[in-house]
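Chains as they are written, first to last, in full-length UniProt numbering: chain A, 1 to 369; chain B, 1 to 369; chain C, 1 to 369; chain D, 1 to 369.
Okay, here's the thing in structure tokens:
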């Protein structure tokens with residue numbers, strides 16, 4: 001039985017981790033960390049867990065927790081993990097970080113977009129970017145996994161085959177993403193009140209959203225990997241060790257939108273095709289990379305992803321349309337930001353690290369309606 | 001492995017049965033019945049099931065299906081099952097009916113409220129009302145189970161201990177219930193369009209909703225059972241065999257409301273207390289009946305049920321407040337109409353019939369947010 | 001041109017006052033009061049008012065404001081107005097208070113339910129309860145109007161004819177009310193976050209909601225008024241001057257619920273009829289009181305109120321069903337909590353005070369969908 | 001008093017026309033046309049109009065209606081008006097068509113995208129495209145106005161200054177649009193049921209939506225008009241008369257999305273800038289075209305449009321961000337699809353035709369929340 005501790009278990013992503021781990025037959029939760037609710041019953045913070053979780057929330061203390069847990073999930077604000085991580089922790093437990101602290105290999109980029117100093121640069125090389133389908137082998141041996149962002153997972157998986165196969169002009173990529181409101185977290189902000197979000201849609205963080213460089217970095221690696229058999233993590237390492245070889249080969253426009261719904265992300269991606277590819281040409285490439293991926297569903301021709309069809313599950317639904325008139329391809333990807341976009345992918349990473357079947361605890365079908 | 005066939009698998013309740021049975025380790029679905037989508041891929045009707053369910057929808061034919069299935073779930077319109085049921089079917093398979101055909105012991109009442117002739121009165125005696133917590137033993141031996149309505153389950157479970165213990169004046173019961181829109185089914189009616197339901201609440205079927213007599217009948221049995229150890233089903237049989245002994249000892253006001261949300265039912269129940277009971281008095285009675293019921297959660301003092309805390313799960317949350325000023329008790333019950341109010345309870349009935357652990361396949365925690 | 005000042009103009013009710021007064025041809029807003037946003041452009045707080053309202057928010061100062069304004073609306077927390085009101089203010093301007101400070105004639109009741117000391121008891125006698133349809137004449141001469149609560153307006157208007165005509169047993173009244181989320185105000189509380197409210201319904205303040213005594217007091221006056229021609233305000237005065245003569249002749253159960261929608265209140269009211277009244281009997285009584293009330297719409301037989309049909313307007317929709325089986329009547333009332341339940345009624349009060357047509361600025365049809 | 005008849009008054013757009021015209025002091029509705037509800041009270045179809053509209057629905061008959069009305073609004077399915085329009089009608093009444101029949105000057109394009117034959121090509125030249133801000137003078141003298149589509153109005157107004165001033169590369173335009181569900185109309189389709197739309201977002205009509213050629217045609221005219229003083233309508237006429245001179249100078253990608261809300265459209269538009277323009281450069285151009293347009297609000301720097309801020313009103317909110325990293329500009333436009341996207345603009349056109357103040361009946365502030 002894998003002992004799991006959760007730092008930040010009272011945020012939305014932390015609570016989703018709880019929900020998923022409760023259904024995982026080889027893991028048990030040993031620590032419900034929470035700064036805000038120390039000593040309060042977990043089920044008083046999340047009423048759904050009444051009579052299911054008996055534990056009280058505990059103070060966050062990674063140095064202690066690491067001795068009791070085999071794996072620690074940190075569902076914490078940016079900067080927290082980088083501020084406390086050390087060798088003691090990593091020697092005692094695997095760490096899967098749901099924050100952005102170790103996602104970006106280029107700390108200059110991190111500090112520029114996040115506007116905080118990175119306090120644990122010595123672990124950036126070691127950290128593996130936990131996009132399971134693209135970095136499976138590297139994740140298996142990792143001590144520290146940087147679980148990708150929700151927008152990022154959707155965007156990268158949607159475009160990855162096209163970028164890796166150099167089928168699109170990387171200078172023309174536009175990603176217009178839409179997210180449910182749980183992505184904004186559980187803090188009491190006026191902008192997230194029911195009446196402020198309901199019956200409205202808006203773009204936010206236009207040209208400045210922090211998931212932008214994460215998408216660019218990973219798609220950049222995909223582009224550089226090209227027709228080699230390298231995974232993205234390996235390319236990332238090479239770019240770091242030889243900065244000149246890397247650099248960022250692509251810049252994108254990424255625009256997130258807030259949608260009046262609880263869960264779900266839809267990314268609508270646009271790019272110019274490098275050639276007059278047919279549907280079959282493109283389908284073949286998506287099949288090449290995703291045919292054996294059980295959590296990636298490339299839909300039937302003509303069926304576009306809808307977030308309702310993935311809610312509560314670890315699936316990513318993807319499909320595309322080629323516009324012969326404009327020479328562009330439109331790719332849509334949909335996932336549940338709480339599952340494949342956060343807690344589900346974190347558990348998928350745990351499964352990889354501990355040598356379990358990758359889908360363990362993750363086979364729940366989407367809940368509809 | 002229990003072989004399960006579903007008639008009406010493309011309605012909302014039918015689809016929820018599919019979702020739950022897919023996670024049940026001792027059952028497999030052998031037949032996806034559907035009148036409207038014969039030969040179409042099930043996953044083209046419900047996109048969430050893409051790459052999960054490969055089967056196509058099949059024509060409904062209970063006489064054939066009963067030979068292939070150990071249990072048949074009928075999630076069909078009123079009158080369907082009564083029109084086709086026969087001894088051949090019941091000898092070959094257990095039948096769990098999610099419609100109202102066999103819920104009411106009094107067929108006069110059925111015909112009056114449903115305005116259709118009952119075509120299988122010979123099976124009414126045999127049918128067991130499948131409210132698991134109240135009729136557990138009778139269900140175990142049943143061939144035909146009448147799965148209760150969603151409003152009904154919420155209302156009965158909320159008031160049952162008070163009525164059975166004769167703590168409330170049965171002439172003063174008012175049940176004001178609120179339901180998500182999935183309860184209205186998946187047919188294309190103008191009244192159920194997004195823009196007609198969204199941003200509004202209304203009462204409907206005021207004084208005429210068909211779940212009224214079902215609640216009255218079962219609470220009536222509870223009242224008659226009183227301090228005996230009989231289950232409701234047994235009392236029901238007695239009432240039938242001696243009409244004079246039964247009659248309906250209580251009449252209620254039941255008012256359903258349509259709420260702009262997908263899932264969930266909240267029943268707010270009012271009744272005059274027969275005495276100056278304290279919180280502890282009443283709590284003791286709820287504990288007496290529900291303490292060992294894992295799917296019934298009587299909440300902590302002061303915490304009232306909210307439908308969000310049961311969504312996607314088989315739980316019923318219940319709590320009450322005594323109003324000393326008016327001498328009334330206010331009891332609230334909440335459940336997910338698709339699960340404990342339909343498909344989950346149906347599976348719970350299946351588990352009872354087949355001697356499986358009652359909670360098998362039903363332990364998923366509520367999904368939030 | 002009536003000069004209007006608004007204290008608390010940046011709350012939801014305050015903003016709705018702005019919206020309505022902007023369309024009022026005989027009033028202009030001279031002061032946008034706000035504690036939280038002093039010196040900020042009003043349109044930066046409410047983007048809908050961009051290029052419509054140019055003013056900045058000003059500090060609340062009733063003693064100054066009263067010299068610039070003919071009427072002051074206070075859309076402020078409980079206790080605010082009672083803490084500052086004085087003769088200077090009332091001599092200079094009419095005050096229409098949207099808080100509860102002057103709604104209850106019995107200050108013991110006020111202090112018990114609101115748990116704050118009342119600091120201006122000397123003005124309670126003078127204050128007129130601003131339910132326009134019931135206190136029209138008293139309002140016309142008032143200096144200080146207590147604008148009724150949203151739940152209260154719905155509940156009282158729904159039951160008023162029945163209570164005044166002694167057609168129902170006042171000991172059996174149950175009011176089950178449902179409100180959109182704007183009623184909770186614009187403060188940043190976790191419980192009002194989008195993801196906490198959406199896809200859920202709950203009862204709150206069960207047996208303890210502060211609108212309960214307000215409903216009881218006014219319906220009590222209605223009962224006492226009986227077949228006299230007195231308005232409720234007059235009866236209230238009499239009760240105050242002779243406490244023994246008054247007392248509260250009725251106690252009710254009032255249960256509010258939070259509904260995932262922005263606007264709207266639906267009150268479903270239950271009571272035992274004192275006799276076997278027919279539909280026509282009851283209809284005649286509603287017609288007697290409401291036939292000439294343009295903002296009260298008693299719907300056609302069989303059509304029950306829905307909040308969508310009154311959204312954005314000053315209408316109250318009412319209808320009833322008699323349940324012969326139980327001897328109860330079920331009355332539903334629906335209004336927009338922001339308009340007839342707050343700002344619209346406040347403007348209606350202003351019109352009455354200033355001798356304008358009562359409907360001026362209030363004739364906008366409901367907005368649908 | 002202008003006498004207005006409405007064909008299709010029981011659709012959502014038709015009903016919004018009713019709502020707006022009821023508040024218009026120089027117009028009265030003389031005919032509530034409806035195929036589906038002939039002889040039924042209008043207020044039984046739309047409960048909000050109870051006691052406001054007394055009329056019953058009448059059969060559609062333009063040849064008769066044109067004698068009773070000064071202006072006819074046709075809120076009808078594609079092909080209807082083209083099938084019945086004739087000289088008798090146009091001689092007797094002005095016609096403002098909310099369908100697409102006369103929006104496209106190129107009937108080949110119409111027949112290709114709409115897949116129906118155009119039956120009144122003789123009136124295409126005469127019809128004026130009713131985007132008021134861009135074709136004001138032409139509209140004033142028109143007999144037949146083609147009221148623009150909702151997506152179209154948002155998209156064109158968002159990009160118009162940039163295209164007309166040749167500031168963007170017209171080969172790089174991507175428009176990602178999001179619409180509330182009222183845009184789908186009031187027909188009972190399974191896809192528009194509450195539970196199918198709620199808690200989900202999807203793209204639809206990817207690369208094939210019929211508003212695409214309309215946007216292309218009008219932005220094409222804008223591009224051709226360039227720094228002349230011509231309005232779009234005039235350029236359109238020139239293109240028609242000399243097909244070679246016209247042709248479509250730009251092709252775009254337009255992707256609509258369905259959002260779980262009633263009203264509102266947000267268009268997020270992307271294009272490569274032709275030069276290193278600053279914020280001030282671009283702002284100057286938007287000011288040049290829109291500074292005096294009262295219904296177009298170019299927001300303050302850094303404030304992006306949200307649909308909630310325009311709901312119920314005739315405003316279009318627009319703003320932009322320049323992305324120096326990618327050389328792209330991101331422009332967002334928001335409006336209420338029922339008002340500026342349909343009925344409001346139709347009334348604005350009516351005002352222009354009849355020489356009334358352009359804003360008459362259209363000054364209602366947005367309703368929030």
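All C-beta atoms, glycine included, are put in the ideal place defined by N, C-alpha and C.
Residue 50/B belongs to the set of residues whose beta carbon lies under 9 angstroms from a beta carbon in chain A. The Cβ of residue 58/D sits no closer than 9 angstroms to any Cβ of chain A.
Using a CB distance below 8 angstroms, the part of the segment 198-211 of chain C facing chain B consists of 198, 199, 200, 201, 202, 203, 204, 206 and 207, ordered along the chain.
Rounded to whole angstroms, residue 184/B and residue 37/C show a C-alpha spacing of 45 angstroms. Residue 28/C: member of the beta strand (DSSP E) spanning 27-32, first to last residue.
Residue 146/B has 97/B and 129/B as its beta-bridge partners, per DSSP. Any Cβ of chain D closer than 9 angstroms to the Cβ of residue 187/B would place that residue at the interface, and such an atom is present.
Burial of residue 32/D is indicated by the presence of at least 16 other C-beta atoms within 10 angstroms of its C-beta. The Cβ-Cβ distance between residue 158/B and residue 264/B does not fall below 9 angstroms. Listed along chain A is no residue with a C-beta nearer than 7 angstroms to that of residue 17/C; the closest approach is about 16 angstroms.
Here residue 319/C is bridged, per DSSP, to 332/C. For the pair residue 347/B and residue 302/C, the Cα-to-Cα distance works out to about 39 angstroms. Counted as a single uninterrupted DSSP element, the alpha helix (DSSP H) harbouring residue 19/D occupies residues 12-22. As DSSP reads the structure, residue 253/A sits in a beta bridge with 174/A. Annotation note: the segment 68-114 of chain B contains the following uninterrupted beta strand (DSSP E) runs of length 3 or greater, listed N- to C-terminal: 71-74 and 94-97.
Residues of chain B whose Cβ lies closer than 7 angstroms to the Cβ of residue 365/A are, in chain order, 19, 22, 48, 49 and 52. Taking a 10 Å sphere around the C-beta of residue 117/C, we find fewer than 16 other C-beta atoms and assign the residue as exposed. The C-alpha of residue 331/C is placed about 11 angstroms away from the C-alpha of residue 299/C. Less than 9 angstroms divides the Cβ of residue 175/A from the Cβ of residue 252/A. For residue 77/D, the nearest beta carbon of chain B is not closer than 9 angstroms to its own beta carbon. Given a length threshold of 4 residues, each whole run of the alpha helix (DSSP H) inside the segment 263-317 of chain B is given here in chain order: 279-290. Residue range 2-7 is occupied by the beta strand (DSSP E) that includes residue 5/A, with no alpha helix (DSSP H) assigned at that position. Residue pairing of residue 193/A in beta bridges, as defined by DSSP: 193/C. The DSSP-derived three-state label of residue 202/B is strand. Taking 9 angstroms as the threshold, the shortest C-beta distance from residue 196/D to chain B falls below it. In this structure, DSSP gives residue 163/C a helical state, which the three-state scheme calls helix.
Counting along the chain, residue 42/A sits inside the alpha helix (DSSP H) bounded by residues 42-45.
With respect to the 9 angstroms criterion, residue 314/C and residue 362/C are classified as neighbours on the basis of their beta carbons. Interface residue (Cβ-Cβ distance to chain D less than 9 angstroms): residue 143/C is not classified as such.
In the displayed model, residue 56/D falls within a strand according to three-state DSSP. Residue environment analysis places residue 1/A among the exposed positions, since fewer than 16 neighbouring C-beta atoms fall within 10 angstroms of its C-beta.
Within the same chain, and ignoring the five residues on either side of residue 214/B in sequence, the residues whose Cβ sits closer than 8 angstroms to its Cβ are 100, 103, 104, 148, 149 and 152. Minimum Cα-Cα distance from residue 278/A among the listed residues 162/A, 229/A, 291/A and 269/A corresponds to 162/A. Contacts with chain B (Cβ-Cβ distance below 8 angstroms) from the segment 266-282 of chain C involve 266, 268 and 270, listed in chain order. In this structure, residue 76/A lies away from residue 63/A, with their beta-carbon atoms at least 9 angstroms apart. Chain-order list of chain C residues neighbouring residue 332/B: 203, by C-beta distance under 7 angstroms.
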